[in-house]
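Asks:
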């Protein structure tokens, strides 16, 4: 951890995990820590688990950055953000901490989580409850409105200026939006700048087509520097693909650039079919010969995705050998399976197609909903 740089944390290349506490060896869930300093100190001991300089989205890196801000400024990070960013931009409906008794509690909406088994949303938080974290964590925890967020985005597409205020130097904006790190997963975000995800429109230009960032409660923000245009989407929800918004963007300029890659909507239909089949307990597929699928597989197109197919409670499971993340494989037909991965950015639905003889599976392909495809070969 001593060799990690600020730039690596900003570009998600520090090697720090996404502080899923079990994945990176924390002693308890991150929401149970009493302070940011306590959390960051433990991340410093246990948090490095992948090699640095490879892109891997990391909330832990931003928790570290937030603690650095507190140390250098001599004030709590939430107060620094309020006094140096929110107040100068006139973001009067934006806050860095919540308690049920605050005067603006009635302005907040409940938040919901998509439940695949119910095929519906369930509420998991409302303004009568305390926030999940006991402290301002930096990688989340800001409460805002679309209009206030637009003020912040406006500053980014106007070279650091908002109205008569030059909040950030133009050089700082340019440095932050340079194409710095190639995203391993491809579309729709081809590159990672300093904090911002972005799309580079072609291989001959270093211009930025758009910059964007998402939020864990269904927030999407897009800014188009050349067109001076901003698109914001607030859903107050988790884990559900935002197809309505993305379909609207596909037919609206300049936002259509976001959908140049196009979803493979057949996967979505097949996913719904699998859910309905399981829910209704009918039209079940025949049991499969699990043994032929089991084993470790090299990802030919991205070594970070090397995986193992295992069996858990009669269910085939794909386990990433680097992160340890597991996802169930739901059989669609023959050697085709449908699965759903957690973010980024929103739980991609994927099709996994195994290849080889019936009792000698030797490879498989995994294709995300956005048509990004990975090839795997079994390790003999």
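Residue numbers (the working numbering): 1299 to 1678. Even glycine gets a Cβ: it sits at the ideal position worked out from N, Cα and C.
When you compare the CB positions of residue 1491 and residue 1476, do they come within less than 8 Å of one another, or not?
Replies: Taking 8 Å as the Cβ cut-off, residue 1491 and residue 1476 qualify as a contacting pair.
Asks: Name the DSSP bridge partner or partners of residue 1629?
Replies: In DSSP, residue 1629 forms a bridge with 1635.
Asks: Could you tell me which of 1352, 1329, 1354, 1363 sits nearest to residue 1342, measuring between CA atoms?
Replies: Among 1352, 1329, 1354, 1363, the Cα nearest to that of residue 1342 belongs to 1363.
Asks: If you count every other CB in all the chains shown that lies within 10 Å of the CB of residue 1524, and 16 or more means buried, which is it?
Replies: Exposed: under 16 other Cβ atoms inside 10 Å.
Asks: Measuring CB atoms only, is the segment 1463-1479 touching the segment 1406-1422, in the sense that at least three cross pairs come out at less than 8 Å?
Replies: The segment 1463-1479 is not in contact with the segment 1406-1422.
Asks: Compute the Euclidean distance between the alpha carbons of residue 1358 and residue 1324, then round it to the nearest angstrom.
Replies: Residue 1358 and residue 1324: Cα-Cα distance of roughly 11 Å.
Asks: In the DSSP assignment, the beta strand (DSSP E) including residue 1615 goes from what residue to what residue?
Replies: Residue 1615 -> beta strand (DSSP E) spans 1613-1618.
Asks: When you compare only the Cα positions, how much space is there between residue 1305 and residue 1450?
Replies: Roughly 22 Å between the two C-alpha positions.
Asks: Exposed or buried, residue 1677, counting other C-beta atoms within 10 Å across all chains shown (16 or more means buried)?
Replies: By the neighbour-count rule (16 or more Cβ atoms within 10 Å), residue 1677 is not buried but exposed.
Asks: Buried or exposed: residue 1672, going by 16 or more other Cβ atoms within 10 Å of its Cβ?
Replies: By the neighbour-count rule (16 or more Cβ atoms within 10 Å), residue 1672 is buried.
Asks: Could you have a look at residue 1584 and say whether DSSP puts it in helix, strand or coil?
Replies: The predicted model places residue 1584 with a pLDDT of 47, which falls under 50 and marks its position as unreliable, so this point remains unresolved.
Asks: Can you look up residue 1660 in the DSSP assignment and give me helix, strand or coil?
Replies: Residue 1660 falls in the strand class under three-state DSSP.
Asks: Please return the same chain residues whose Cβ sits closer than 7 Å to the Cβ of residue 1376, not counting the five positions on each side in sequence.
Replies: 1394, 1395, 1434, listed in sequence order.
Asks: I'd like the ranges of any alpha helix (DSSP H) spanning at least 4 consecutive residues and lying wholly in the segment 1433-1464.
Replies: Listed in chain order, the complete alpha helix (DSSP H) runs (minimum 4 residues) inside the segment 1433-1464 are 1444-1455.
Asks: Roughly how many angstroms separate the alpha carbons of residue 1383 and residue 1350, rounded to a whole number?
Replies: Rounded to whole angstroms, residue 1383 to residue 1350 spans 30 Å at the Cα level.
Asks: For residue 1612, which of 1603, 1587, 1602 has the nearest alpha-carbon?
Replies: Minimum Cα distance to residue 1612 is reached at 1587.
Asks: If residue 1627 sits next to residue 1619, beta carbons under 8 Å apart, how far is it from one beta carbon to the other, in whole angstroms?
Replies: With 8 Å as the limit, residue 1627 and residue 1619 do not qualify as a contact, their Cβ atoms being about 16 Å apart.
Asks: In this structure, does DSSP put residue 1305 in helix, strand or coil?
Replies: In the structure shown, residue 1305 sits in a helix (DSSP, three-state: H, G or I).
Asks: With a floor of 4 residues, list each alpha helix (DSSP H) that falls wholly inside the segment 1345-1382, ordered by position along the chain.
Replies: The segment 1345-1382 contains these whole alpha helix (DSSP H) runs: 1357-1371, 1375-1379.
Asks: List the endpoints of the continuous beta strand (DSSP E) containing residue 1529.
Replies: That run of the beta strand (DSSP E) goes 1527-1532.
Asks: Could you spell out the range, first to last residue, of the alpha helix (DSSP H) harbouring residue 1474?
Replies: Per DSSP, residue 1474 belongs to the alpha helix (DSSP H) from 1468-1474.
Asks: Sort out for me which residues DSSP pairs residue 1510 with in a bridge.
Replies: According to DSSP, residue 1510 bridges with 1495, 1520.
Asks: Anyone know if the C-beta pair for residue 1638 and residue 1625 falls short of 8 Å?
Replies: Against a cut-off of 8 Å, the Cβ pair of residue 1625 and residue 1638 comes out as a contact.
Asks: Buried or exposed, going by whether 16 or more other CB atoms sit within 10 Å of the CB of residue 1470?
Replies: With fewer than 16 other Cβ atoms within 10 Å, it is exposed.
Asks: Ordered along the chain, which non-local residues of its own chain (more than five positions away) have a Cβ less than 7 Å from that of residue 1572?
Replies: So the qualifying residues of the chain are 1628, 1630, 1636.
Asks: Is residue 1397 helix, strand or coil when you go by DSSP?
Replies: If DSSP states are grouped into helix, strand and coil, residue 1397 belongs with coil.
Asks: In the DSSP assignment, find the unbroken beta strand (DSSP E) run with residue 1390 in it and report its ends.
Replies: Where residue 1390 is concerned, there is no enclosing beta strand (DSSP E), given that its DSSP letter is neither H nor E.
Asks: When we look at the beta-carbon of residue 1605 and count the other beta-carbons within 10 Å, is it buried (16 or more) or exposed?
Replies: So residue 1605 counts as buried.
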